[in-house]
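These notes are about the structure you will find just below.
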Amino acid sequence: MKLWEINRKTFHSIQEVQLSCFEYIECFYNNYNPHSANHELTPNQK
Numbered sequence: 013m014k015l016w017e018i019n020r021k022t023f024h025s026i027q028e029v030q031l032s033c034f035e036y037i038e039c040f041y042n043n044y045n046p047h048s049a050n051h052e053l054t055p056n057q058k
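Counted from 1, the sequence shown has number 48 at position 36 by our numbering; the numbering is strictly sequential.
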């Protein structure tokens, strides 16, 4: 997450950091990153 989201932006409040992390996890990570522990399914497909 640090490489993809946190280090690429400048944040002005903790709320901006929280929103950015939430959007990254819910919109990108859980929809597009398959995991070997899930038999190559994304967390949302599990």
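A virtual CB, placed ideally from N, CA and C, is assigned to each residue, including glycine.
Boundaries of the alpha helix (DSSP H) around ILE26: 26-35. Annotation: PHE23 to PHE34 spans about 14 Å, alpha carbon to alpha carbon. Our two residues, VAL29 and PHE40, have alpha carbons roughly 16 Å apart in a direct line.
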